[in-house]
Every structure is written in C-alpha cells, then in structure tokens.
Amino acid sequence: MDFDKWTEIFETLRKNKLRTFLTSFSVAWGIFMLIMLLGFGNGLQNGAREEFQKDAVNSLWVNSGKTSVAYKGMQPGRRIWFTNEDYELIKNTVTDVVNVTTRNNVWDVGNITYKNETSTFDVLSCNAGYRYLENLELLGGRFINDDDVDEARKVVVISDMVKKQLFKDQNALGEYIGIGGIPFRVIGIFTDSGGEWDQRRMYIPISTGQKVFKQINRVQQISMNTLTLDTASSRKAEDYIRKLLSERHNVAPHDFAAIRIHNNVEEYLKFTGLFRNIRLFVWAVGILTVIAGIVGVGNIMTISVKERTREIGIRKAMGATPFSIVRMVMQEAVLITFVSGYFGLIFGVGLLELINFGVEKAAMDIGFFRNPGVDFMTALSATGILVLAGSIAGLIPAVKAASIKPIAAIREE
C-alpha cells in the first residue's frame, strides 16, 4: 500500500466534490438498476415456475369435447366420451409416458359428513398415478393404489383442509366419512400447493366412482407424465394419442375441439425460454446503464488528467515511470466505480429484500411474482463488472497521461 498515493487520490476527489458525487451517482444508479431489473425478473420467473409446479410440468392432459367438423358422414356437434378402454389402450401402447391415469368429477354427492360435522367438498375419482400429476404431498397414510381400483374399494384420500374441518384435532386415518350417504374409509391425508381450490378435494378410486355414482365406463380426463422434459418427445406422444383416440371415436384427425390435449411440457419450456430471453435482455439493459455511468467516469478522468498535466510532467521529470502514472490514474477510476457501484449493489439488494419481506409479511398473493432477489453469483458477477468497468474507464486517460512528455507538460498553462 502506497499511502502517499492514496492520500493524493482522496485529496483530488475532495477538491472536486460535486463532480465526484455526480459521477459516483451515475455508476451507483446503473448497478442499482441492474440489480433491481434482475431481481424483478427473478421474481417473475419464480412465480411462473411455482404456478407451473402446482401440477407436474412433465405432463399431458387429455380431455374430450364436441366435434367441430363433419367426418365420415357424421355431423359436427357430436359429444365424445372417453372410456376405460381408451385408458387401457393409451397405458399399454404409448411409449415414453408413465403414471397414466383417468379422472372424473363426481357430482351431486351432497354434503360430506363425519359424525356431527358436515361440509361440502369436491370429490374426484382417479387411478393410482394421479398423485404424481397433481404433485400431491402425503402427510399421512397412503394414496389410492391399483388394488383399490381393481377391487372398487370404498376408500378416500382427503386433504389436510378437509381433515381440519371434519375431524378437527382428532385422528382421521381409518375413520369413515359419508360421501353421498355411503361410508368411505380414510386411508390418506395430503396437501396440495395449488391453493384453496385444490385443497378442497378428496380422491376415491375411479372404479368405485363409476359403480357407486353411476358413471359407468365414462372417463372425463386421461393424463400422464412424460419420461423426459423435452418438447419433441412430448409432441410425439401427443400426436400418437390423438391418432389413437381419433380412430376409436371416428373423429377427424385434426379436430382439436373434440380431443383437447394440453401439453404442459411444451408450455413450461416456452415459459422458461421466454424468461431466459428476458434475463438476457435485463442484463443487456443493465450493463448499458452501467456503461453510461462508466463513460462519465472516463470523461471525468480525462478532465482530471488534463488538469494535472503539469503535475504529471513534473513527476516524469523526477523519474516517475509510465507504469506508475497509469497505475495512479487507474486506481482513482477503480476507486470511484467500485465504491459507488458497491453502494448501488447494497442498496438494490436491500430494497429487494425489503420488498420480499413486505410481501411475505402481508401474506399477499400477487400472482406470477415470488421471491424477488438476486443470488450470490449474480452479486459476485456485478462486483466483477464494477472492477472491470473501473479499469476500462481509467485505461484510456491513464495511457494518455503516461504518454505526456515532461517538457511539454511543464510548459502547459
């Protein structure tokens, strides 16, 4: 550490307070805007990812509808109903998919009862693999299995919300609740991150729902997980499923109203690609903002070198090397950019943390926006940008200062 040199640098900055402040503010503002843009971009990305992960992102959801075009002599407007045979066909013939499952909404079951407690909840019937489609987390017991479906057992899996409303603090596993006046044994308790709508559900075996609630051989939805999170393979599976179901139900191959397939893989990858581009855009805008501040630093250093021409000439006449002159000017530039940029970095991170704390404290649900902030590597990258930018800002004026000839500099007025 050359304390004399640093003292001289601080003295130079002190003599030009306003100029130093404005230059420092422009650099701090650039880094602050970069951090804020990155933080809000991360918040949007986290929100979108959380919304998608309420259900499995590697999933296909197949629903039936009405035909929209005439086909093989049949008029449009014909209602299509999937069957158990459709489920078996997809399960046994479609490759690159797992956890193939069906789902029916069970209507008109009335109140759900347990002893003196009564409430209303949504009842769905499904196969064993459905828990993986909804990303259900089991809190106790188990989910529906293949034996429950094969034997059409009267068993039910309830959410923790249902458990709290019907059972309060009592044990629910092994107890019986009334669904449509029919007793079902509770075999599991789950939680679903999808929100209150999904938490008001309970699940029974698809075969039980079809037999008990008169939904014989009808399926409202068929869904499955893809083996890979890949657009090409999910598209291949989607096209093959559409072909199979179109042939079975005499539907035009491209009648998307009759057989509706939601490809969650494709939608998820579109969103991740979108946010990747947004992140690149944010970095570009932020870096350009920083560059604007760095240009100011470069201009200030050029003026500073011009003002100190005689001083630099005297230094060189007394034996100062060009390298020492370059180092002196660059030290001043790096000091301004690093200190001011670091304050901008700290203020930006602090404001993001404050926003995140306020959102969590108020328990606000603001849709596609979760946990705005920047990680350690981003902060480290921003610090690296500061050092690099400070070096670049001081390099040209430093080289110019080193090239000054002592005699010409001493004569400078």
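Residue numbers for the sequence shown follow this note's numbering, beginning at 1220 and rising by one.
Don't be surprised by glycine CBs; every beta carbon is placed ideally from N, CA and C.
The alpha helix (DSSP H) enclosing residue i, as first and last residue numbers
i: Ile1460; result: 1450-1467
i: Met1380; result: 1379-1386
i: Gly1329; result: Premise fails: Gly1329 is in no alpha helix (DSSP H) and is neither H nor E.
i: Arg1350; result: 1349-1352
i: Thr1314; result: Taken as a continuous stretch (DSSP letters only), Thr1314 belongs to no alpha helix (DSSP H), as it is neither H nor E.
i: Lys1430; result: 1425-1431
Where residue i falls, given that 16 or more other Cβ within 10 Å makes a residue buried
i: Phe1409; result: buried
i: Ile1513; result: buried
i: Phe1251; result: buried
i: Pro1472; result: exposed
i: Thr1314; result: exposed
i: Ala1451; result: exposed
i: Ile1398; result: buried
i: Lys1535; result: buried
i: Asp1417; result: buried
i: Gln1294; result: exposed
i: Lys1387; result: exposed
i: Val1504; result: exposed
i: Val1288; result: exposed
i: Asp1366; result: exposed
i: Ala1508; result: The question names Ala, yet the displayed sequence has Thr at residue 1508. Buried, because 16 or more other Cβ atoms sit within 10 Å of the Cβ of Thr1508.
i: Asn1496; result: exposed
i: Ala1511; result: exposed
i: Lys1382; result: buried
i: Ile1299; result: buried
i: Met1596; result: exposed
i: Met1549; result: buried
Simplified DSSP assignment, three categories, for residue i
i: Gln1440; result: strand
i: Phe1403; result: strand
i: Lys1285; result: strand
i: Asn1364; result: coil
i: Ile1299; result: coil
i: Glu1304; result: helix
i: Arg1372; result: coil
i: Phe1555; result: Strictly speaking, residue 1555 in this sequence is Ile, with Phe absent from that position. Helix.
i: Gly1359; result: strand
i: Pro1472; result: coil
i: Val1618; result: helix
i: Gln1550; result: helix
i: Pro1541; result: helix
i: Ala1391; result: coil
i: Ile1435; result: coil
i: Asn1590; result: coil
i: Asn1235; result: coil
i: Asn1346; result: coil
i: Ala1503; result: helix
i: Lys1489; result: helix
i: Ala1511; result: helix
i: Ala1477; result: coil
i: Lys1624; result: coil
Cβ neighbours of residue i in the same chain (closer than 6 angstroms, five flanking residues each side left out)
i: Trp1280; result: Ser1442, His1481
i: Thr1602; result: none
i: Phe1362; result: Arg1350, Val1376, Gly1407
i: Gly1567; result: Phe1251, Ile1254, Met1255
i: Phe1432; result: Val1325
i: Leu1355; result: Phe1409, Asp1411
Residues that residue i bridges to, as DSSP identifies them
i: Leu1279; result: Met1443, Asn1482
i: Asp1341; result: Arg1420
i: Tyr1290; result: Met1293
i: Thr1410; result: Glu1356
i: Thr1321; result: Ile1441
i: Glu1336; result: Tyr1333
Enclosing beta strand (DSSP E) for residue i [first to last residue]
i: Tyr1395; result: 1395-1398
Same chain, Cβ closer than 8 angstroms to residue i, neighbours up to 5 away in sequence not counted
i: Thr1302; result: Asn1436, Arg1437, Val1438
i: Lys1174; result: Outside the displayed range of the chain (1220 to 1632) lies residue 1174, so it cannot be described from this structure.
i: Val1558; result: Ser1243
i: Leu1358; result: Asp1379, Ile1408, Phe1409, Thr1410
i: Leu1308; result: Leu1463, Arg1467
i: Val1319; result: Tyr1306, Ile1309, Lys1310, Val1313, Asn1346, Gly1348, Ile1441, Ser1442, Met1443
Nonlocal neighbours in the same chain, by C-beta distance under 7 angstroms from residue i, ignoring five residues either side
i: Ser1453; result: Leu1279, Thr1445, Asn1482, Val1484, Glu1485
i: Leu1560; result: The sequence shown places Gly at residue 1560, rather than the Leu named in the question. Answer for Gly1560: Val1246, Ala1247, Ile1250, Leu1605, listed in chain order.
i: Phe1403; result: Lys1373, Val1374, Val1375, Tyr1395, Ile1396, Ile1423
i: Arg1238; result: Ile1519
i: Ser1426; result: Val1368, Ala1371
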